[in-house]
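Student:
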Amino acid sequence: MRTVGTLKSAGVRTGDEVVVPAYGNAEVARAVVELGAVPVFAEVDADSYCLDPASVAEVVSSRTVAVVAVHKFGRPAEVGRLREVGQRQGLLVLVEDEAGADPAGTELRRTHAAYLDERLSGVRTPAPASGHLYAQYVVRVPGNGRPDRDAFARALRAKGVGCRVPVQAPVYRLPGLRRDVFLPETERAVDETLTLPVHAGMSRRELQKMVSACNALGGLLQPAF
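Every letter in the sequence shown is one number past the one before it in our numbering, and letter 89, counting from 1, is 102.
Structure follows, in structure tokens:
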């Protein structure tokens, strides 16, 4: 990411505030700190996992000079709405691409994702979105947050399904970036999300195996109320 150089060339100075994601991409917040500026964390959108434009508008203050949004997991951020917020508030809006999968395999990943969308019932599948590259296929595990999600992941791995937790903690809880902040949608995303493989080299048999494993396990979990 080019965050430090772009913010510096835009004139971001010590004491300025920059709105950044709280769900992943800690390098953005660290880049702001490196310039002596102050990262301000905004809420995640529940479907895209990118910055929620409404939350961005809420955290802007007289010291805010910029917003850094990141396209997450291959799904585009709501750049148009973020730029509207920026125009109203007089802010610089930067948009970064998260390191993702090879663009050459996008159509195969989309085909795999469509297959999973139609067949997975044990997890909440990604919300559909135009332009999604499916650099990662991120689902939500029903149940009681992190304990059930982590148990679900262990069970999948035991069945030979390579899954991983994409974000381990909100950025505002990481060393050197800690803030007295609690963003409920970000917390839920951290506790519930799990990445399933959809790389271009996967076979139909591997996809079928993953579907069977997820659906069998998902039937054991009930959402918390």
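Where a beta carbon is used, it is the ideal one built from N, C-alpha and C, also for glycine.
Given the structure is predicted, the values throughout are model-derived calculations rather than measurements.
Among Ala112, Thr138, Glu47, which one has its Cα closest to the Cα of Ser61?
Tutor: Closest option to Ser61, Cα to Cα, is Thr138.
Student: Looking only at its own chain, which residues have a Cβ that is under 6 Å from the Cβ of Phe54, when we skip the five neighbours before and after it?
Tutor: Ala35, Tyr185, Val194.
Student: Any idea if Glu47 is buried or exposed, counting beta-carbon neighbours within 10 angstroms, 16 or more meaning buried?
Tutor: So Glu47 counts as exposed.
Student: Please return the same chain residues whose Cβ sits closer than 6 Å to the Cβ of Arg96, not counting the five positions on each side in sequence.
Tutor: Here the set comprises Val106.
Student: Which residues share a DSSP beta bridge with Phe239?
Tutor: Since the first and last residues shown for the chain are 14 and 238, residue 239 lies out of range.
Student: Rounded C-beta distance between Cys227 and Val98? I'm assuming under 8 Å.
Tutor: Wrong, their Cβ atoms sit about 37 Å apart, outside the cutoff.
Student: Quick one: Cα of Gly144 to Cα of Glu91, how far?
Tutor: So the two alpha carbons sit approximately 12 Å from each other.
Student: Excluding five sequence neighbours on each side, which residues of the same chain lie with their C-beta closer than 7 Å to the C-beta of Arg15?
Tutor: Correct list: empty, nothing qualifies.
Student: Count the other CB atoms, across all protein chains shown, that sit within 10 Å of the CB of Ser68; report buried if there are 16 or more and exposed otherwise.
Tutor: Buried: at least 16 other Cβ atoms inside 10 Å.
Student: Secondary structure at Val98, three-state DSSP: helix, strand or coil?
Tutor: Looking at Val98 - three-state DSSP - the assignment turns out to be helix.
Student: In angstroms with no decimal places, state the Cα-to-Cα distance between Pro155 and Ala202.
Tutor: Near 12 Å, if we compare the C-alpha coordinates of Ala202 and Pro155.
Student: Buried or exposed: where does Pro183 fall if 16 or more other Cβ atoms within 10 Å of its Cβ makes it buried?
Tutor: It counts as buried.
Student: Spell out the partners DSSP gives Arg137 in its beta bridges.
Tutor: The partner list for Arg137 (beta bridge, DSSP) reads Arg153.
Student: Quick check on DSSP: helix, strand or coil for Leu64?
Tutor: Leu64: strand per DSSP, three-state reduction.
Student: Smallest Cα separation from Arg217: which of Arg122, Glu205, Leu230, Arg26?
Tutor: The shortest Cα separation from Arg217 among Arg122, Glu205, Leu230, Arg26 belongs to Arg122.
Student: Identify whether Val80 lies in helix, strand or coil by the three-state DSSP scheme.
Tutor: Note: Val80 maps to strand in three-state DSSP.
Student: By a C-beta neighbour count over all protein chains shown, 10 Å radius and 16 as the cutoff for buried, is Arg167 buried or exposed?
Tutor: When all chains shown are included, Arg167 counts as exposed.
Student: Pull up the CB-CB distance for Glu56 and Val81, whole angstroms please, since I reckon it's below 8 Å.
Tutor: That belief does not hold up - the Cβ atoms of Glu56 and Val81 are roughly 15 Å apart, past 8 Å.
Student: Just how far apart, CA to CA, sit Ala237 and Asn157?
Tutor: Here the model assigns Ala237 a pLDDT of 47, short of 50, so the residue's position is not dependable and the matter cannot be decided.
Student: Which partner residues does Val106 have in the DSSP bridge list?
Tutor: Partner(s): Val80.
Student: Run through DSSP, which three-state label would Arg26 get?
Tutor: Arg26 falls in the coil class under three-state DSSP.
Student: Please say whether Phe165 and Leu220 have beta carbons closer to each other than 7 Å?
Tutor: Contact flag unset, no.
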